[in-house]
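**Q** Structure in structure tokens, see below.
Protein chains in written order, with this note's numbering: chain A, 1 to 321; chain B, 1001 to 1538.
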């Protein structure tokens, strides 16, 4: 197990290197101009001389490989560079925003996994029953519903009609301090919407997995030996039915990141996702590269995690290596 | 028995999941931000987040930055008033030297005194090529700025530039803070310190900017003690949060503002603006560059219908960069919508209708592309309306959408639906739009307009210090634009704001093209006198 983790970590290095270079190459090939993005509306009245000076100041006139190498070498020394679009060091941007995104994504993930597993087991218990049919059709509908639409719907219902929950932001708009209570109440809607938009996959996998497992010989054997239904369902059915879902946990990470992006916009959540879009459209090399490394690392970790979980859940599965 | 226990186990799982959310719900004592908190705080929703709050990088250059003051400021009528200077500047006879006397006893919000060195530092830093200020061109006229003692600052110019005083509304940064860090990325860009009526207490990027009144403000402490700008990019979400009471005011597009017309507790303000939409007619295009075609388009276009249909009535027909209600507008240069006249102009110039109704002259079909910024609905609708009006006169305009990266290389030959407008002085728009030597210089003079009479007039307009003489110069420009319009100006757009009634009747300022933080009824929030009843619970 430790060997596998070590090997994966070693493998991550070339992946991350390739990804950052890819980001620089794609950004350089894109038609977007970092100088135009930096200048914004002021660029519409700026003289060519002014714009040329900006290009030199931002280092946007250097060749691709030079820019990448400079970024990489200083990043390895702990300096991630300055974000041109945010006008502050990349480290500050990430420190300011990362926590809120992680909080949102983790809460949503937890909701999706717990609710998805719970409902999945219940549905598999009586396939074709009212709960199974109801939740399954809801899940298929949800799979088709875009997250931002769910978000607007939730704001309309819970903030506007029922006046139960705040419509957006991290804290009440007039509040200056970030208190636990405020953040918690502001987290409910975005986390629930993001979680529910992820829920169908977990639900459908668990439902299928547990249904299949319940039809297998070992389960029938267990039943025949007179083991309690609870042991059969949780010990046998859920345990092997969970396997496909564990793989899913890792593979849902990228989806979660894209989902968070839309949700953060709809709910004015001050996370990193919105900054990622801005970094991409503004060709903010330093910020974009740093964020891509983080996202890639999250995906690699997600995959590692699901493989480890898989091995733990099913003793028949060996760790590679 | 067994089934029940399973249900129990699953239910426990569900309860755990739900309680996570429920625990977060049970927070009943958090008050609603907006209407519950009386009149000493205001929360407004804005659509754009500033990139930086450093005046050295261009923040607040047109005045009204809540955190800073300029040497001068603009009042409700866009007249210059002294701010950190004690009076309007003394201008030398040749128009090359501007002398400002500074207000004494002013302190930055960190308690350190403001002085002449801060003014010199601010302007010199902006003019420094290493500073990434994209608006540096606006201070192009400045040769040098020097301090004479503690309380006097002298600007010397490269050439006489009449509207220079208008540029000195730009905010003054403290040298003792901003001078000690990286001007482009230092902490000052996000945690600014100024002399202004408000102090920034928190900038939660992507979410909001929070301000508190500066108790030591030289102009007196503001009555609205807490002021918050919530950044909500989506128009619908902004309207929703305004309705839910989360916000006290917000900027809204016309169709959403209409939804608040019947709300007794809220008032809608339409801010007059210099924000125009225009079609560039590049001189290099065989069709659009023909004066007859330009003049025909100028009268073929139905501006009033655009205002009514596209802007829901919130705007005015535009005949040039100067709005019709400005003191600088030349009366009598309005053009009537007249398709027959347009056809006559084209007939006389030899553009005869071809088989498909599109006119032809010497084998050239009267057709050219018109680009608009993709995703900008307002520009798209203007472009489509313009093309349909032109069709009636026999000119075939093909509308195409693209980003600026796509449009920019084509600007020399293709028409573009452009926008702009800066209200403080007629020089600001007209010089960059019309000066022939600026053709193709960045986004300046996108139409490659070239007219000797206009060149001379705008040059005279910026050099003369005499207002009557300047007015005459800009009259010439506007009359020349009737004879040879290099652009078809379509509309000036009002910006709409909906604000809670308890803040009393408010004013708006004439607004520029881009909605800065300072635009909207809150341009002078430090002077608001909210109804002091405090009884505003719904």
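Note that the Cβ used here is the ideal one computed from N, Cα and C, for glycine as well.
1) Compare the C-beta of residue 80 of chain A against all C-beta atoms of chain B and say whether one is closer than 7 Å.
2) Helix, strand or coil for residue 1402 of chain B per DSSP?
3) For residue 1144 of chain B, which three-state DSSP category applies?
4) Which of the residues in the stretch 32-46 of chain A, read from start to end, lie with their CB under 9 Å from any CB of chain B?
5) Under three-state DSSP, which class holds residue 1229 of chain B?
6) If you draw a straight line from the C-alpha of residue 1222 of chain B to the C-alpha of residue 175 of chain A, how long is it?
7) Compute the Euclidean distance between the alpha carbons of residue 78 of chain A and residue 1297 of chain B, then round it to the nearest angstrom.
8) By a C-beta neighbour count over all protein chains shown, 10 Å radius and 16 as the cutoff for buried, is residue 65 of chain A buried or exposed?
9) Relative to the alpha-carbon of residue 1112 of chain B, which residue among B:1165, B:1156, B:1177 and B:1071 has its alpha-carbon at the smallest distance?
10) Quick one: Cα of residue 1104 of chain B to Cα of residue 1085 of chain B, how far?
11) State the beta-bridge partners of residue 1489 of chain B as determined by DSSP.
12) Could you tell me which residues DSSP puts in a beta bridge with residue 1540 of chain B?
13) Residue 1349 of chain B: which of B:1293, B:1323 and B:1368 sits nearest, CA to CA?
14) Of all the residues that make up the stretch 45-77 of chain A, which are near chain B by a beta-carbon distance shorter than 9 Å?
15) Could you list which residues in chain B have their beta carbon closer than 8 Å to that of residue 156 of chain A, in chain order?
16) Over the uninterrupted beta strand (DSSP E) stretch that includes residue 1500 of chain B, give me the two end residues.
17) For residue 1413 of chain B versus residue 1282 of chain B, is the C-beta spacing smaller than 7 Å?
18) In this structure, how does DSSP classify residue 100 of chain A when only helix, strand and coil are distinguished?
19) Along chain A, in chain order, which residues have C-beta atoms closer than 7 Å to that of residue 1058 of chain B?
20) Tell me which residues share the same chain as residue 1037 of chain B and place their Cβ nearer than 6 Å to its Cβ, disregarding the 5 neighbours each side in the sequence.
21) Is there a Cβ from chain A that is less than 7 Å from the Cβ of residue 1035 of chain B?
22) What is the DSSP secondary structure of residue 1187 of chain B, counted as helix, strand or coil?
23) If we count the other Cβ atoms within 10 Å of its Cβ and call it buried at 16 or more, is residue 1539 of chain B buried or exposed?
24) Are residue 327 of chain A and residue 207 of chain A closer than 7 Å when you measure CB to CB?
25) Please confirm whether residue 1202 of chain B has its beta-carbon closer than 7 Å to some beta-carbon of chain A.
26) For residue 143 of chain A, which residues in chain B fall below 7 Å Cβ to Cβ?
27) Using a cut-off of 9 Å between C-beta atoms, extract the partners of residue 1443 of chain B located in chain A.
28) Exposed or buried, what is residue 1255 of chain B when buried is set at 16 or more other beta-carbons lying within 10 Å of its beta-carbon?
29) In angstroms, rounded to a whole number, what distance separates the CA positions of residue 1489 of chain B and residue 1362 of chain B?
30) Between the stretch 1390-1414 of chain B and chain A, which residues of the former have CB atoms less than 9 Å from a CB of the latter, in chain order?
31) Please report the straight-line C-alpha distance between residue 298 of chain A and residue 102 of chain A, rounded to a whole angstrom.
32) At a Cβ threshold of 7 Å, is residue 1024 of chain B touching chain A?
33) Got a sec: is the Cβ-Cβ distance from residue 1255 of chain B to anything in chain A below 7 Å?
34) If you check the beta carbons only, do residue 1157 of chain B and residue 1143 of chain B fall under 7 Å apart?
35) Looking only at its own chain, which residues have a Cβ that is under 8 Å from the Cβ of residue 1325 of chain B, when we skip the five neighbours before and after it?
36) Taking 7 Å as the threshold (beta carbon to beta carbon), is residue 300 of chain A in contact with chain B?
**A** Working from what's here:
1) no
2) DSSP places residue 1402 of chain B in strand when its eight states are reduced to three.
3) strand
4) 32, 33, 35, 36, 38, 39, 40, 41, 42, 43, 44, 45 and 46
5) Reduced to three states, the DSSP call for residue 1229 of chain B is strand.
6) 19 Å
7) 60 Å
8) exposed
9) Answer by Cα proximity: B:1177.
10) For residue 1104 of chain B and residue 1085 of chain B, the distance between alpha carbons rounds to 9 Å.
11) B:1278
12) The structure shown does not extend to residue 1540 of chain B, since chain B spans only 1001 to 1538, so no value can be given for it.
13) B:1293
14) 45, 46, 47, 48, 49, 50, 51, 53, 54, 56, 57 and 58
15) 1240
16) Per DSSP, the unbroken beta strand (DSSP E) holding residue 1500 of chain B starts and ends at 1495-1500.
17) yes
18) helix
19) The answer, in chain order, is 42.
20) Reliability fails at residue 1037 of chain B, whose pLDDT of 47 lies under 50, so the model's placement of it is uncertain and no value is given.
21) Legend: pLDDT at residue 1035 of chain B = 41, less than 50; position of this residue unreliable, no value from coordinates given.
22) Correct three-state label for residue 1187 of chain B: helix.
23) Outside the shown range of chain B, which is 1001 to 1538, sits residue 1539 of chain B, and nothing can be said about it.
24) Any property of residue 327 of chain A remains undetermined from this structure, which presents chain A solely from 1 to 321.
25) At a cut-off of 7 Å between beta-carbon atoms, residue 1202 of chain B makes contact with chain A.
26) In chain order: nothing, as chain B lies at least about 20 Å away.
27) By Cβ distance, chain A contributes 43, 44, 45 and 46.
28) exposed
29) 28 Å
30) 1403, 1404, 1405, 1406 and 1408: these are the residues of the stretch 1390-1414 of chain B whose beta carbon lies less than 9 Å from some beta carbon of chain A, given in chain order.
31) 11 Å
32) A caution first: residue 1024 of chain B carries a pLDDT of 38, below 50, which makes its placement in the model too unreliable to give a value.
33) no
34) yes
35) Closer than 8 Å at the Cβ level, and outside the excluded window around residue 1325 of chain B, lie 1272 and 1316.
36) No, because no Cβ of chain B sits closer than 7 Å to the Cβ of residue 300 of chain A.
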